[in-house]
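See structure below.
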Amino acid sequence: MVKSLVVIPDRCMGCHLCELACSQKHYGVMSIERSRIHVVRLHHQPVDAPIFCLQCGLCMASCPVNAIERDPKTGAIIVREEKCIGCGNCVHACPYGAASLDPATGKALICDLCGGDPACVKACPVDALKYLDADQAAKYKRINFSKLQMVVK
Amino acid sequence: MDLHGYAGKILWVDLSRMEIQEKELSRELVKLYLGGTGYAARILWDMLDARLDPLSPENLLIAATGPLTGTLCPSSGSIEFCFKSPLTRIFGETRAGGVFGPKLKFAGYDFIAIRGRSEKPVYLYIRDGYAELRDASHLWGKNVHETTDILLRDLAEPDASVACIGQAGENQVRFASIMVDYDRAAGRCGGGTVMGAKRLKAIVVDGHGEISAAKPEEFFEAAMEAINAVKAKANKGLGRYGTLNGLINLNESGALPTRNFKTCHFEEAEKVSGQTLSEKYLIKKRACFGCPIGCGRYVQVPAGEYQTPPHEGAEYETVDMLGVQSMIGDLEAIIKAGYLCNIYGLDTISAGNVIAFAIEAYERGIITEKDTGGIKLRWGDPKVTLTLIEKIVKREGIGRLLAEGVKRASEKLGRGSEEFACHVKGLEIPAHDARGTSKSLAIQYAVGNPRGACHIEPVWAPMWDFFKVDMGLRRYGLPWPPPSRFEETGVRRGEAYRLLILFGELAGILGICRFPLQAAEEENLNLDRLSRLMTTLTGLDLKPQDLLKVSERVYNLKRCFNVREGVDRSSDRLPRRVMEPIASGPTKGVRVENLDGMLDEFYEAMSWDRETGIPKREKLRELGLGDVAEEVWRSRQSKQEK
Numbered sequence: 102m103v104k105s106l107v108v109i110p111d112r113c114m115g116c117h118l119c120e121l122a123c124s125q126k127h128y129g130v131m132s133i134e135r136s137r138i139h140v141v142r143l144h145h146q147p148v149d150a151p152i153f154c155l156q157c158g159l160c161m162a163s164c165p166v167n168a169i170e171r172d173p174k175t176g177a178i179i180v181r182e183e184k185c186i187g188c189g190n191c192v193h194a195c196p197y198g199a200a201s202l203d204p205a206t207g208k209a210l211i212c213d214l215c216g217g218d219p220a221c222v223k224a225c226p227v228d229a230l231k232y233l234d235a236d237q238a239a240k241y242k243r244i245n246f247s248k249l250q251m252v253v254k
Numbered sequence: 010m011d012l013h014g015y016a017g018k019i020l021w022v023d024l025s026r027m028e029i030q031e032k033e034l035s036r037e038l039v040k041l042y043l044g045g046t047g048y049a050a051r052i053l054w055d056m057l058d059a060r061l062d063p064l065s066p067e068n069l070l071i072a073a074t075g076p077l078t079g080t081l082c083p084s085s086g087s088i089e090f091c092f093k094s095p096l097t098r099i100f101g102e103t104r105a106g107g108v109f110g111p112k113l114k115f116a117g118y119d120f121i122a123i124r125g126r127s128e129k130p131v132y133l134y135i136r137d138g139y140a141e142l143r144d145a146s147h148l149w150g151k152n153v154h155e156t157t158d159i160l161l162r163d164l165a166e167p168d169a170s171v172a173c174i175g176q177a178g179e180n181q182v183r184f185a186s187i188m189v190d191y192d193r194a195a196g197r198c199g200g201g202t203v204m205g206a207k208r209l210k211a212i213v214v215d216g217h218g219e220i221s222a223a224k225p226e227e228f229f230e231a232a233m234e235a236i237n238a239v240k241a242k243a244n245k246g247l248g249r250y251g252t253l254n255g256l257i258n259l260n261e262s263g264a265l266p267t268r269n270f271k272t273c274h275f276e277e278a279e280k281v282s283g284q285t286l287s288e289k290y291l292i293k294k295r296a297c298f299g300c301p302i303g304c305g306r307y308v309q310v311p312a313g314e315y316q317t318p319p320h321e322g323a324e325y326e327t328v329d330m331l332g333v334q335s336m337i338g339d340l341e342a343i344i345k346a347g348y349l350c351n352i353y354g355l356d357t358i359s360a361g362n363v364i365a366f367a368i369e370a371y372e373r374g375i376i377t378e379k380d381t382g383g384i385k386l387r388w389g390d391p392k393v394t395l396t397l398i399e400k401i402v403k404r405e406g407i408g409r410l411l412a413e414g415v416k417r418a419s420e421k422l423g424r425g426s427e428e429f430a431c432h433v434k435g436l437e438i439p440a441h442d443a444r445g446t447s448k449s450l451a452i453q454y455a456v457g458n459p460r461g462a463c464h465i466e467p468v469w470a471p472m473w474d475f476f477k478v479d480m481g482l483r484r485y486g487l488p489w490p491p492p493s494r495f496e497e498t499g500v501r502r503g504e505a506y507r508l509l510i511l512f513g514e515l516a517g518i519l520g521i522c523r524f525p526l527q528a529a530e531e532e533n534l535n536l537d538r539l540s541r542l543m544t545t546l547t548g549l550d551l552k553p554q555d556l557l558k559v560s561e562r563v564y565n566l567k568r569c570f571n572v573r574e575g576v577d578r579s580s581d582r583l584p585r586r587v588m589e590p591i592a593s594g595p596t597k598g599v600r601v602e603n604l605d606g607m608l609d610e611f612y613e614a615m616s617w618d619r620e621t622g623i624p625k626r627e628k629l630r631e632l633g634l635g636d637v638a639e640e641v642w643r644s645r646q647s648k649q650e651k
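If you read the sequences in order, they're chains A and B.
For reference, each letter of the first sequence is one residue, going 102 to 254 in our numbering.
For reference, each letter of the second sequence is one residue, going 10 to 651 in our numbering.
Here it is in structure tokens:
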């Protein structure tokens with residue numbers, strides 16, 4: 102079965118190790134800006150949340166040069182860097198803020214699930230990030246989206 | 010040499026001239042000191058005149074990262090501030106976690122060195138290789154949380170990191186802290202006081218750059234292995250209950266300082282434990298940058314007299330010093346007291362120490378109701394603590410005296426109050442007892458290097474003889490098995506303490522937290538792991554022994570800085586109170602019997618002169634500190650001739 106990346110947000114402590122692991126894996130450097138996963142901390146609220154691509158594919162149609170494809174093996178979004186012109190359309194299209202532009206190259210940064218072996222999952226010290234069979238992952242996704250209906254005072 | 014792991018630059022800021030300059034890191038100094046507090050110590054040694062007034066514009070405030078800061082090395086979110094301390098008049102260093110250190114490196118700087126004094130309040134803004142001084146008049150008078158909120162809102166950069174002072178620093182309380190990312194405290198030695206004297210309200214840093222490793226794949230592997238080792242702590246101990254985790258054990262062992270160090274046992278310990286905090290007030294765990302442990306506690310007292318907003322607080326030192334020391338067992342009141350110290354930018358350790366001192370002085374009639382403005386200073390009364398915090402911060406009434414720290418306060422009061430003023434070299438003793446915990450702490454406090462009475466910098470030495478954990482140091486010569494924690498001389502204590510501090514110093518030099526070092530070797534950052542990380546990151550060949558050599562150089566340089574300020578064997582003393590027998594509890598009767606014997610053994614291990622406590626010439630030369638040796642021994646000679 103295809104696998105999905107999910108977060109169990111109650112566990113995240115906001116340590117940023119997933120970001121460093123991501124940039125190190127893809128570019129051989131440590132940088133939170135060159136990461137494809139972003140940890141958000143709300144200082145006055147109990148929120149530390151890793152934000153990452155849900156592989157919905159909305160960005161694909163937005164790309165004017167067809168640089169965004171889907172990896173048939175993992176189901177992940179793949180940005181063909183040699184084609185990408187850095188226009189930012191995919192960043193605009195992404196409803197989650199999960200896509201960004203690499204400050205070093207100007208190309209789109211979208212999670213490619215590391216070809217099926219996500220570095221962020223390995224680096225997470227509290228197992229807040231999980232790479233699970235899609236059906237199992239869906240259970241966590243439902244919980245996370247149900248929280249959008251929570252009334253926050 | 011290509012400097013992998015470093016940003017490569019120092020930002021020099023002169024507040025008197027309102028000038029900012031960028032300089033390259035010195036390759037030579039990097040080789041000798043690696044970074045962090047080591048590199049900073051060399052700058053302070055070179056640039057500060059002996060006997061300089063720490064509150065004068067000439068004092069330097071250095072914000073220092075190390076090569077491992079901001080990397081995948083576990084617990085790499087570290088910023089060290091080094092300066093001459095207005096509390097102790099010797100070397101001052103104080104550390105905070107959060108994301109400030111990593112952001113500084115991502116912005117392109119390993120260090121910020123600040124001198125001078127601005128005419129008007131200013132803040133320093135840094136972003137990706139760009140820096141400027143900006144007006145902070147609108148922030149002066151605001152507390153730490155307000156200041157941070159305003160800066161982040163106005164700059165519209167939610168990811169930036171803010172280090173700032175509160176009213177305590179502005180009002181020149183001698184133990185004002187520098188607060189980072191709202192609630193992370195660089196609390197000790199009066200770093201906030203130095204910022205206040207310079208009229209520097211805040212430093213804002215936002216960085217979007219990167220750090221590269223010399224051998225990226227090997228470094229990645231080494232870091233993953235280290236993260237996996239250290240994360241074992243995340244779900245137990247420090248990770249589970251935060252730093253309060255050890256409170257019950259310390260109490261049962263007769264090592265929990267109570268009643269201004271009169272006793273080491275507290276009847277109400279259960280009420281202020283990490284377990285109680287988790288059950289009633291913990292909202293979630295919060296980690297500093299890169300930390301698999303996550304000792305941070307995001308807590309709140311939701312309602313009632315001691316209500317607070319959510320914040321990070323209630324760590325062990327705060328709970329003991331602001332609560333237990335004054336016999337307060339009401340955790341809500343203690344959380345509130347810690348919260349107030351955080352927003353005012355006041356060191357909770359020094360504040361708690363000086364408050365307990367004041368209560369004892371009142372009990373003995375040395376301070377009276379006339380001095381306190383009618384407040385009865387009683388043990389176990391949270392109102393006393395909360396009121397005194399306000400008075401200290403505002404330097405109002407009795408607060409004027411207490412804001413000077415316990416050393417100066419006791420000297421002013423006299424009448425025997427010096428005997429229960431618990432400090433070494435002017436730094437208030439924290440929440441570990443030099444008798445009840447272990448005699449390693451007696452050496453540690455008395456030597457007080459680099460910064461006076463401190464339990465954590467360079468290391469929590471009782472790891473050896475209290476917890477009996479070798480941290481992977483046995484194969485580098487740590488005496489094993491350790492003796493009973495109460496034995497003093499003839500048990501290789503001096504030798505052990507030497508190796509422990511050389512290991513501990515590495516955290517400050519390499520720019521990481523001390524906690525991941527302080528665990529059993531299968532789950533810590535031991536010397537071998539640090540060596541592997543440093544070698545693959547920087548490309549320098551740094552074997553464990555090489556790292557220890559750098560540590561030895563740095564620790565001795567800091568000692569020499571202090572010697573130049575007048576420290577010698579005669580200042581390596583403990584206050585009367587913590588030499589006397591413990592009054593009650595499991596360690597009743599334990600006292601420090603032969604401090605001089607222990608010092609002899611430690612000096613011997615360090616190759617320090619037995620008579621003076623100064624590092625020997627030959628030792629300093631061997632460490633490449635020949636110039637330093639000449640200066641300290643020459644000044645010693647001229648002192649004697651006078």
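Every residue, glycine too, gets a C-beta built ideally from N, C-alpha and C.
Review point. Of all the CB atoms in chain B, is at least one closer than 8 Å to the CB of residue 129/A?
Key: For the purposes of this step, residue 129/A is taken as the residue at position 28 of the first sequence. Taking Cβ atoms only, chain B reaches closer than 8 Å to residue 129/A, which makes this a yes.
Exercise for review: Measure the C-alpha to C-alpha separation of residue 528/B and residue 362/B and round it to an integer number of angstroms.
Suggested key: As a first step, residue 528/B is located in the second sequence; it is residue number 519 there, counting from the start. As a first step, residue 362/B is located in the second sequence; it is residue number 353 there, counting from the start. So the two alpha carbons sit approximately 28 Å from each other.
Practice item. Could you say which of 104/B, 168/B, 211/B and 187/B lies nearest to residue 143/B if we only look at CA atoms? Key: Within the second sequence, numbered from 1, the residue matching residue 143/B stands at position 134. Nearest of 104/B, 168/B, 211/B and 187/B to residue 143/B, Cα basis: 211/B.
Exercise for review: Kindly list, in the order they appear in chain A, the residues whose Cβ is closer than 8 Å to that of residue 221/B.
Suggested key: Here residue 221/B refers to the residue found at position 212 when the second sequence is read from its first residue. The contacting residues are 129, 130 and 131.
Exercise for review: Check whether the segment 396-414 of chain B touches the segment 449-467 of chain B, taking contact to mean three or more Cβ pairs, one atom from each stretch, closer than 8 Å.
Suggested key: No, the segment 396-414 of chain B is not in contact with the segment 449-467 of chain B.
Review point. Which residues of chain B have a Cβ atom closer than 7 Å to the Cβ of residue 114/A, listed in chain order?
Key: On the first sequence, residue 114/A is found 13 positions in, with the first residue counted as 1. Neighbours of residue 114/A on chain B, chain order: 294, 295, 296 and 303.
Exercise for review: Identify every residue that forms a DSSP beta bridge with residue 215/B.
Suggested key: Against the second sequence, residue 215/B aligns to sequence position 206. Beta-bridge pairing links residue 215/B to 136/B.
Review point. Taking Cβ positions, are residue 147/A and residue 292/B nearer each other than 8 Å?
Key: Your numbering for residue 147/A matches position 46 in the first sequence. Your numbering for residue 292/B matches position 283 in the second sequence. The answer is yes: Cβ separation under 8 Å.
Review point. Do we get a CB-CB distance below 8 Å when we pair residue 161/A with the residues of chain B?
Key: Here residue 161/A refers to the residue found at position 60 when the first sequence is read from its first residue. It does not; no Cβ of chain B falls within 8 Å.
Exercise for review: Report the neighbours of residue 124/A on chain B: residues whose CB is nearer than 9 Å to its CB, in chain order.
Suggested key: Counting from 1 along the first sequence, the entry for residue 124/A is found at position 23. Residues of chain B passing the Cβ test: 219.
Practice item. Quick one: give me the first and last residue of the alpha helix (DSSP H) that residue 46/B is part of. Key: By one-based count along the second sequence, residue 46/B stands at place 37. First-last of the alpha helix (DSSP H) with residue 46/B: 45-56.
Check your understanding: Do you know how far the Cα of residue 106/A is from the Cα of residue 235/A?
Key -> Locating residue 235/A in the first sequence gives position 134, where the first residue counts as 1. Locating residue 106/A in the first sequence gives position 5, where the first residue counts as 1. Their backbone Cα atoms lie some 8 Å apart in a straight line.
Check your understanding: chain A beta carbons: is any one of them nearer than 8 Å to that of residue 109/B?
Key -> By one-based count along the second sequence, residue 109/B stands at place 100. Judged by the 8 Å Cβ criterion, residue 109/B is not in contact with chain A.
Exercise for review: Using a cut-off of 7 Å between C-beta atoms, extract the partners of residue 204/A located in chain B.
Suggested key: If you number the first sequence from 1, residue 204/A lands on position 103. Within 7 Å Cβ-Cβ: 217.
Practice item. Compile a chain-ordered list of the residues in the segment 234-252 of chain B whose CB is closer than 9 Å to at least one CB of chain A. Key: 236, 237, 239, 240, 243, 244 and 248
**Study point:** Rounded separation between residue 301/B and residue 640/B - CA only
**Key:** Taking the second sequence and counting its residues from 1, the one referred to as residue 301/B is at position 292. Taking the second sequence and counting its residues from 1, the one referred to as residue 640/B is at position 631. Straight-line Cα distance between these residues: approximately 44 Å.
Review point. Of all the options 274/B, 510/B, 295/B and 31/B, which has the alpha carbon lying nearest to the alpha carbon of residue 113/A?
Key: Residue mapping note: residue 113/A aligns to position 12 of the first sequence, counting from 1. Selected option, being the one with the closest Cα: 295/B.
**Study point:** Three-way DSSP call (helix, strand, coil) for residue 202/B in this model
**Key:** As a position in the second sequence, residue 202/B is number 193, starting the count at 1. Helix at residue 202/B.
Review point. Taking the alpha-carbon positions, what's the residue 255/A to residue 149/A distance?
Key: Outside the displayed range of chain A (102 to 254) lies residue 255/A, so it cannot be described from this structure.
Review point. How about the segment 193-204 of chain A and the segment 194-205 of chain B: do they share at least three Cβ pairs that are nearer than 8 Å?
Key: Verdict: no, contact absent.
**Study point:** According to DSSP, residues forming a beta bridge with residue 181/A
**Key:** As a position in the first sequence, residue 181/A is number 80, starting the count at 1. Residue 181/A pairs with nothing; no bridge assigned.
Check your understanding: Could one say the Cβ of residue 299/B lies closer than 8 Å to chain A's Cβ atoms, at least one of them?
Key -> Numbered from 1 along the second sequence, position 290 holds the residue referred to as residue 299/B. Taking Cβ atoms only, chain A reaches closer than 8 Å to residue 299/B, which makes this a yes.
Review point. Between the beta-carbon of residue 102/B and the beta-carbon of residue 517/B, is there less than 8 Å?
Key: Walking along the second sequence from the start, residue 102/B turns up at place 93. Walking along the second sequence from the start, residue 517/B turns up at place 508. It is a contact, given that the beta carbons lie within the stated cut-off.
Practice item. Below 7 Å between beta carbons is the criterion; list the residues of the segment 224-235 of chain A that meet it against any residue of chain B, in chain order. Key: 224, 226 and 227
Review point. I think residue 202/A touches residue 208/A, with their Cβ atoms under 8 Å apart; what is that distance to the nearest whole Å?
Key: In the first sequence, counting from the first residue as 1, residue 202/A sits at position 101. In the first sequence, counting from the first residue as 1, residue 208/A sits at position 107. Yes, residue 202/A and residue 208/A are in contact; Cβ-Cβ is about 7 Å, under 8 Å.
Practice item. Report back the beta-carbon spacing between residue 601/B and residue 346/B to the nearest angstrom; my notes put them in contact at under 8 Å. Key: Counted from its first residue, the second sequence places residue 601/B at position 592. Counted from its first residue, the second sequence places residue 346/B at position 337. Wrong, their Cβ atoms sit about 30 Å apart, outside the cutoff.
Exercise for review: Please say whether residue 450/B and residue 473/B have beta carbons closer to each other than 8 Å?
Suggested key: As a first step, residue 473/B must be located in the second sequence, where it is residue number 464. As a first step, residue 450/B must be located in the second sequence, where it is residue number 441. Cβ atoms of residue 473/B and residue 450/B: not closer than 8 Å.
Review point. Considering only C-alpha positions, which residue in the set 191/B, 168/B and 196/B is nearest to residue 178/B?
Key: For the purposes of this step, residue 178/B is taken as residue 169 along the second sequence, with counting starting at 1. Nearest C-alpha to residue 178/B: 196/B.
**Study point:** Test item: CB-CB of residue 89/B and residue 45/B under 8 Å
**Key:** On the second sequence, residue 89/B is found 80 positions in, with the first residue counted as 1. On the second sequence, residue 45/B is found 36 positions in, with the first residue counted as 1. Yes. Within cutoff.
**Study point:** Rounded distance between the beta-carbons of residue 325/B and residue 309/B, thought under 8 Å
**Key:** Numbered from 1 along the second sequence, position 300 holds the residue referred to as residue 309/B. Numbered from 1 along the second sequence, position 316 holds the residue referred to as residue 325/B. Contact flag wrong, Cβ pair sits at about 19 Å.
Review point. Taking the C-alpha atoms as reference points, what is the distance between residue 697/B and residue 645/B?
Key: Outside the displayed span of chain B (10 to 651) sits residue 697/B, for which this structure offers no information.
Check your understanding: Skipping 5 residues on each side, what residues in its chain have a beta carbon closer than 6 Å to that of residue 27/B?
Key -> Here residue 27/B refers to the residue found at position 18 when the second sequence is read from its first residue. If the five residues before and after residue 27/B are omitted, its C-beta is found closer than 6 Å to the C-beta atoms of 142, all from its own chain and listed in chain order.
Check your understanding: Which residues, taken in chain order from the segment 179-194 of chain B, show a beta carbon closer than 7 Å to some beta carbon of chain A?
Key -> Result list: 191.
Practice item. Determine the burial state of residue 441/B: buried for a count of at least 16 other Cβ atoms within 10 Å of its Cβ, exposed for fewer. Key: As a working note, residue 441/B is residue 432 in the second sequence. That one is buried.
Exercise for review: Could you tell me how far apart the beta carbons of residue 352/B and residue 154/B are, in whole angstroms, since I believe they sit closer than 8 Å?
Suggested key: Your numbering for residue 352/B matches position 343 in the second sequence. Your numbering for residue 154/B matches position 145 in the second sequence. Contact holds; Cβ gap of about 5 Å.
Review point. When DSSP builds the beta bridges, which residues end up paired with residue 67/B?
Key: As a working note, residue 67/B is residue 58 in the second sequence. Partner(s): none; residue 67/B has no beta bridge.
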